[in-house]
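I have placed the structure first, in the form of structure tokens, so that the comments after it can refer back to it.
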Amino acid sequence: TTPTLAHTLTQSATKIAITNRNIHSLNNAGRGTKITGISQFKRYLHRFGYLQNNNISFSDEFDAVLESALFRYQRNLGLQVTGKLDSNTVSQMITPRCGDPDTNTTPHHHNHVHKTRLTKN
Amino acid sequence: FVFFPGKPRWSRSMPMTLTYAFSRENMIHSLSMKEIREAFQRAFTRWASVIPVSFVEVSDFELTDIKIGFYNGEHGDGEPFDGVLGVLAHSFSPEIGRLHLDAAETWAVDFRSTTSEVAVDLESVATHEIGHLLGLSHSSVKEAVMYPSLRPRDKRADLNIDDIKGVQSLYGSNPNFRSEWSLESDMSANQG
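First to last, the protein sequences are chains A and B.
Residue 5 in my numbering sits at position 5 of the first sequence, and the numbers go up by one each step.
For any residue, its number in my numbering is found by taking its place in the second sequence, counting from 1, and adding 1000.
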């Protein structure tokens, strides 16, 4: 079965929309699971430099790429490294933050920022 | 602590002075200009106390080293703000000097004067963003100013040893700097 998140998911890459009753289904999600709304986590991880995707479209499948990005995110943010969307990880993702990406994971993103600024200047 | 790729820093000779100015057009009105200026002054002073860099406010926004402004949504740098909470602010690595705050946030300088559950401490965010301007990226140390997230109504403006070591790796130590950590280190060394 495919659990559905019972709310309107935000399209913003910087905000995760989640309710308490969805936490359980996400917590148990692992590789191969498909849950509506997983794509917002991929979009978020892409925005902050943890997930590479040139197409900027994300599926709702919990795949190896998401798992790998979660490992990096959890390690980088000092969380328990589970590779899952556990409650601590989701809680971290919904906490307001700085818009700069976490650069040590994707140096190229900041190179892009540098280029943008240099071009504008 | 983490640096930006290529370890960029302001390249002037030490001790250096960097100027900063606020955008008159891109300002919020929920706080007074005095409150905003004082919050930033405290934030700049924290960094200046540990490195041989001083910060001086100037009025000429075009010619200043560091440009500070509050912006809504898309504001021309390809990184639009997202409204209340989510992303609070962003800034750029040396020597770009741009510090942008999301104008949609409920910015606060004293939580006793607001009951808003989404109030965000301006001084904490300012201190974090100045760290970026100086060349520090995000730290994985949760107590560090350079940790990327900040909960509403939380304050984390005091520099952690991780922040201090990071910025001093880039600029060296302020000759007048003496931290509680170095005092502890001296005491344990003496006892040894």
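Each residue gets a CB set at the ideal place from its N, CA and C atoms; glycine is no exception.
The structure presented is a predicted model; accordingly, all values stated were derived computationally and were not measured.
Under the 8 Å criterion on CB atoms, F1070 of chain B is classed as non-interfacial with respect to chain A. If you draw a 10 Å sphere on the C-beta of H1029 of chain B, you find fewer than 16 other C-beta atoms in it, and that means exposed.
The Cβ-Cβ distance between G1073 of chain B and F1081 of chain B falls below 8 Å. The beta-carbon of L1031 of chain B is placed no less than 8 Å from the nearest beta-carbon of chain A.
Among the CB atoms of chain A, one or more fall inside 8 Å of the CB of E1079 of chain B. For G1006 of chain B, same chain residues with a beta-carbon under 6 Å away, outside a window of 5 residues either side, do not exist. If you check the CB distance, M93 of chain A and I38 of chain A do not come in under 8 Å. The C-beta separation of S1093 of chain B from P1148 of chain B comes to about 15 Å, leaving the pair out of contact by the 8 Å criterion. Only residues of its own chain outside the window of five on either side were considered, and among them V1109, L1122, E1123 and A1126 have a CB closer than 7 Å to the CB of A1039 of chain B, listed in chain order. 8 Å or more divides the Cβ of D63 of chain A from the Cβ of I35 of chain A.
Within chain A, no residue has its beta carbon less than 9 Å from that of K1165 of chain B; the closest one is some 16 Å off. Taking a contact as a CB-CB distance under 8 Å, the pair H1132 of chain B and S1091 of chain B counts as one, their CB atoms being some 4 Å apart. Burial state of E1129 of chain B is buried, judged by a 10 Å Cβ sphere holding 16 or more other Cβ atoms.
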